[in-house]
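Letter 186 of the sequence shown, counting from 1, is numbered 185 in numbering that gives the first Met the number 0, and no numbers are missing.
Inspection log for the structure reproduced underneath, given as structure tokens.
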Amino acid sequence: MHYEIILSATRSCEFQHFYPANTKRVYNFSKMIIKNILAPEEWGMSPLKEMDCIHSEQKVAVKYNYWDYINGFNKALLYENANNKHSWFIKICGNIFGRHIPNWFCKWRILYSPSVKILPESYKKLYSEWVDISPKIIILQDDNIFFEGMSIMYFFIEFSIPWIMKWSGKLIPLPMDSHVYKGHFIPSSGVNYYRRTRKERFMVKKMNIL
């Protein structure tokens, strides 16, 4: 909830949580609608400058800086319910094109986004045609600020294509002297996060793109 509060207070994201029909104790699935991305220059003189807001439930002040804001986009998605059956509906609104999109958000979007493979054939055809004629992509290429994965990011944003992601977890044995806590990205499967359990193993949490 801490990072959701930061993203909500900055009017960057809207969150909705939905419960199963038989209980109000856990979230069944959630929505994250991204409406605005703040660039570093919009924050002030320093990214360490602190902002504050009031926690809606605990009624206490929450202080945060720009690095907490960036961190919020990753950590807000780490929620999982006790039944390990939570999923996220994620959508980026096209109006963020009206502002500068920071590089860190481009990397976040590429890391958490689905690939072209999930699109219906008609959309794949549209994408292949759009890449060659999109004014935004052409400008980025001419300015030498284009990188791999940016075209699919802009395609999903421009046409407001949402996607669904879900955590799945399992225990795997790793060497006792291993100190890996965060894993690498597997393009076709999702994002891996690791944390040590009481049994000195690691819980693998993989964000699957559905």
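Ideal Cβ placement from N, Cα and C applies to all residues, glycine included.
Quiz prompt | Contact set for Trp66: own chain, Cβ-Cβ below 8 Å, skip 5 residues either direction | solution = Non-local C-beta neighbours of Trp66 in its own chain, meaning closer than 8 Å and more than five positions away in sequence, comprise Pro46 and Leu47, ordered along the chain.
Exercise. Using the Cα positions of Asn71 and Glu40, report the straight-line distance between them to the nearest angstrom.
Key: Just to set this straight, residue 71 is Gly in the shown sequence, not Asn. The alpha-carbon separation between Gly71 and Glu40 amounts to approximately 18 Å.
Exercise. Can you tell me which of the three DSSP states Phe184 falls into?
Key: Its pLDDT being 34, under 50, Phe184 is placed unreliably in this model, and the coordinates cannot settle the point.
Quiz item: How many angstroms separate the CA atom of Asn80 from the CA atom of Asn35?
Solution: Straight-line Cα distance between these residues: approximately 27 Å.
Quiz item: What distance in whole Å lies between the Cβ atoms of Tyr111 and Met164, which are believed to be in contact at a cut-off of 8 Å?
Solution: Contact flag correct, Cβ pair sits at about 7 Å.
Practice problem: Spell out a yes or no on whether the segment 75-89 and the segment 120-131 are touching, meaning 3 or more CB-CB pairs, one atom from each, closer than 8 Å. | Solution: Here the segment 75-89 makes no contact with the segment 120-131; the two share fewer than three CB pairs at distances below 8 Å.
Practice problem: Tell me Ile16's beta-bridge partners as DSSP assigns them. | Solution: According to the sequence as given, residue 16 is His; it is not Ile. According to DSSP, which records beta bridges pairwise, His16 is partnered with Ser29.
Quiz prompt | Secondary structure of Tyr63, DSSP reduced to three states | solution = In the structure shown, Tyr63 sits in a strand (DSSP, three-state: E or B).
Quiz item: Among Ile156, Lys23 and Lys62, which has the Cα closest to the Cα of Lys135?
Solution: Comparing Cα-Cα distances from Lys135 to each of Ile156, Lys23 and Lys62, the minimum goes to Ile156.
Quiz item: If you check the beta carbons only, do Ile91 and Ile151 fall under 9 Å apart?
Solution: Cβ distance not < 9 Å, so Ile91 and Ile151 don't count as in contact.
Quiz prompt | Residues that DSSP places opposite Ile89 in a beta bridge | solution = DSSP output for Ile89 lists Met31 and Trp162 as bridge partner(s).
Quiz item: In this structure, does DSSP put Met0 in helix, strand or coil?
Solution: Met0 falls in the coil class under three-state DSSP.
Quiz item: Terminal residues of the continuous alpha helix (DSSP H) containing Lys135?
Solution: Run containing Lys135: Pro134 to Asp141, per the alpha helix (DSSP H) assignment.
Practice problem: Consult DSSP for Ala8 and reduce its assignment to one of helix, strand or coil. | Solution: Helix.
Quiz item: How many Å lie between Leu6 and Pro113 at the Cα?
Solution: Between Leu6 and Pro113, the C-alpha separation is close to 22 Å.
Self-check item: Alpha-carbon to alpha-carbon, Glu49 and Trp42
Solution: For Trp42 and Glu49, the distance between alpha carbons rounds to 9 Å.
Quiz item: Is it buried or exposed for Met44, if we count other Cβ within 10 angstroms and need 16 for buried?
Solution: With a threshold of 16 other beta carbon atoms within 10 Å, Met44 falls short and is exposed.
Quiz item: Apart from the five residues on each side of it in sequence, which residues of its chain come closer than 7 Å, Cβ to Cβ, to Ile100?
Solution: Taken in chain order, the residues that qualify are Ile36.
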